[in-house]
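Start counting the sequence shown at 43; every next residue gets the next number (my numbering).
Glycine included, C-beta positions come from ideal geometry on N, C-alpha and C.
Given the structure is predicted, the values throughout are model-derived calculations rather than measurements.
Heads up: the structure comes next, in structure tokens.
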Amino acid sequence: MIKNVVLAIGGSDPSGGAGIQADLSVFMDKGVDGIFSITAVTAQNDEEILSIHPTPADVLTQQLATACRGRKVAAVKIGMVATKANCQALVWFLKNAGFKNVVIDPVFHSSSGSSLLEAEAFNFYRQMLLPLATVITPNLFEASALAGMQVATLETMKKSAEIIHREAARLKIKPSSPLAVIVKGGHLAGDAVDVMFDGIGYHLFTTERIGGKGPRGTGCRFASAIACALAQGKDVLEAASEAKDYLTNYIKTRQSDGGSV
């Protein structure tokens, strides 16, 4: 049986907790073939980031070209981009490739607070890269930056999802192409609630919060699981619901086995 191919684009994490390594772990779990291109090599683990070395844009472009050559890519997942030059390379690549499913997980800062996108890249990222997405999955902090407002409640999650959707949809090359914004509520108190806005209405995905310190890389895994489901022919609502269940089970498993990757 021919497996669906999903392309992951993001940073390399030698500890395996996040980034490309987390993406490939999800691809294996979901039964898709994974290919990837690395935007930055990092030295990090669960406690700290020691260094970040962005990939030169021409090298990133070469990676993308060779990874996709002869492959029918059913979905793309984009995480850490690192630089404006890499943003520009990705915009050029995505416009030329015309992929049906593009999931972008905005990555601006690490869990430990390190910047993962240079400041001069932000406006280009927001105005040029995000409009090429099918699904955008910011957390509360990323949604706050993208929407220009503090996002800390369920109501502000809804409002920010609508603002981000409206701006990205306005700048789309094909205005009729589908777009959904899912604001992740993992940092809220109470139940773990994610809010999706698809331009028509809101959809809430709610699970009981799992106690203890959550594992790193959950945002990477959630977006990757959505990309896998889209590649397998699911619609966005079903893909998001399936990804939420996958992530919940992943966190439960990590908590029960002591946190090993």
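H16 burial status per 10 Å Cβ neighbour count (16 or more: buried)
The requested residue 16 is not part of the displayed model; the chain covers only 43 to 303.
Going by the beta-carbon positions, is the gap between V237 and G227 smaller than 9 Å?
Position 195 of the sequence shown, counting from 1, holds the residue named residue 237. Position 185 of the sequence shown, counting from 1, holds the residue named residue 227. Going by beta carbons, V237 and G227 fall inside the 9 Å limit.
With DSSP collapsed to three states, give me the class of F239.
As a working note, residue 239 is residue 197 in the sequence shown. Here F239 carries a strand assignment [DSSP, helix/strand/coil].
Given a threshold of 16 other Cβ atoms within 10 Å of its Cβ, counted over all protein chains shown, does L246 qualify as buried or as exposed?
Position 204 of the sequence shown, counted from the start, is the residue given in the question as residue 246. Exposed.
If you draw a straight line from the alpha carbon of H151 to that of L158, how long is it in whole angstroms?
Here the question's residue 151 lines up with position 109 in the sequence shown. Here the question's residue 158 lines up with position 116 in the sequence shown. Separation of H151 and L158 (C-alpha to C-alpha, rounded to the nearest whole angstrom) is 5 Å.
Taking F69 as the reference, give the member of F264, T290 and I293 with the closest Cα.
As a working mapping, residue 69 is identified with position 27 in the sequence shown. With respect to the C-alpha of F69, the residue from F264, T290 and I293 having the closest C-alpha is F264.
What are the boundary residues of the alpha helix (DSSP H) that includes Q130?
Start at 1 with the first residue of the sequence shown, and residue 130 comes out as number 88. Segment K126 to A139, the alpha helix (DSSP H) holding Q130.
Cβ neighbour criterion (16 or more within 10 Å) applied to Y167
In the sequence shown, residue 167 corresponds to position 125, counting from 1. Of the residues assessed, Y167 falls on the buried side of the cut-off, its CB having 16 or more other CB atoms within 10 angstroms.
Does the stretch 78 to 87 come within contact of the stretch 209 to 224, defined as at least 3 CB pairs closer than 8 Å?
Touching, no.
Which residue wins for smallest C-alpha separation from K214, given the options I62, V133, A107 and A116?
In the sequence shown, counting from the first residue as 1, residue 214 sits at position 172. Looking at the Cα atoms, V133 is the closest of the given residues.
Check each candidate in V193, K126 and L172 and name the one with the smallest Cα separation from V144.
Here residue 144 is taken as the residue at index 102 of the sequence shown, counted from 1. Ranking V193, K126 and L172 by Cα distance to V144 puts L172 first.
Chain-order list of residues whose beta-carbon lies under 6 Å from that of I51 (same chain, five-residue window excluded):
In the sequence shown, the residue the question calls residue 51 occupies position 9. When the five nearest sequence neighbours on each side are left out, the beta carbons in the same chain lying within less than 6 Å of the beta carbon of I51 are those of S79 and I120, in order along the chain.
Only counting the same chain, and skipping five residues up and downstream in sequence, which positions put a Cβ closer than 6 Å to that of A285?
Against the sequence shown, residue 285 aligns to sequence position 243. Listed in chain order, the non-local C-beta contacts of A285 below 6 Å within the same chain comprise F264, A267 and I268, local neighbours out to five positions each way being set aside.
Mind checking which residues open and close the beta strand (DSSP E) that includes A267?
Locating residue 267 in the sequence shown gives position 225, counting from the first residue. Note, A267: premise wrong, no beta strand (DSSP E); alpha helix (DSSP H) at T260 to A273.
Backbone CA spacing between T198 and D240 [nearest angstrom]:
As a first step, residue 198 must be located in the sequence shown, where it is residue number 156. As a first step, residue 240 must be located in the sequence shown, where it is residue number 198. If I take the Cα positions, the gap works out to 16 Å.
Run through the DSSP bridge pairs and tell me what H151 is partnered with.
Translated into positions along the sequence shown, residue 151 becomes position 109. For H151, which the question treats as bridged, DSSP gives the partners S157.
Between A282 and the rest of its own chain, which residues show a CB-CB distance below 7 Å, the 5 nearest in sequence each way excluded?
As a working note, residue 282 is residue 240 in the sequence shown. If we look at A282 and ignore the five residues flanking it on each side, its Cβ neighbours are I224, M238, F247 and I268.
Apart from the five residues on each side of it in sequence, which residues of its chain come closer than 6 Å, Cβ to Cβ, to N46?
Locating residue 46 in the sequence shown gives position 4, where the first residue counts as 1. If we look at N46 and ignore the five residues flanking it on each side, its Cβ neighbours are V74, A116, A273 and Q274.
Anticipated Cβ contact below 8 Å, L136 with L92, distance rounded
Mapped onto the sequence shown, residue 136 falls at position 94. Mapped onto the sequence shown, residue 92 falls at position 50. Contact flag wrong, Cβ pair sits at about 31 Å.
DSSP three-state assignment for I120, whether helix, strand or coil:
For the purposes of this step, residue 120 is taken as the residue at position 78 of the sequence shown. Secondary structure of I120 (DSSP, three-state): strand.
Quick one: is D233 buried, meaning 16 or more other Cβ sit within 10 Å of its Cβ, or exposed?
Position 191 of the sequence shown, counting from 1, holds the residue named residue 233. Classification of D233: exposed, given that the 10 Å Cβ count is below 16.
Cβ-based burial, A161 [other Cβ within 10 Å; buried from 16]:
Within the sequence shown, the letter at position 119 stands for residue 161. In summary, A161 is exposed, with fewer than 16 beta-carbon neighbours lying within 10 Å of its beta-carbon over all protein chains present.
Only counting the same chain, and skipping five residues up and downstream in sequence, which positions put a Cβ closer than 6 Å to that of T42?
Outside the displayed range of the chain (43 to 303) lies residue 42, so it cannot be described from this structure.
Through-space distance from S67 to L106, alpha-carbon basis
Here residue 106 is taken as the residue at index 64 of the sequence shown, counted from 1. Here residue 67 is taken as the residue at index 25 of the sequence shown, counted from 1. In a straight line, the C-alpha of L106 is about 20 Å away from that of S67.
For H95, does the three-state DSSP call read helix, strand or coil?
Your numbering for residue 95 matches position 53 in the sequence shown. In the structure shown, H95 sits in a strand (DSSP, three-state: E or B).
Restricting to Cα atoms, I'd like to know which of F141, A210 and V101 is closest to K114.
Position 72 of the sequence shown, counted from the start, is the residue given in the question as residue 114. Looking at F141, A210 and V101, the one whose alpha-carbon comes closest to that of K114 is F141.
Give the secondary structure of T290 by DSSP, where H, G and I count as helix, E and B as strand, and everything else as coil.
Translated into the one-based positions of the sequence shown, residue 290 becomes position 248. For T290, the three-state secondary structure derived from DSSP is helix.
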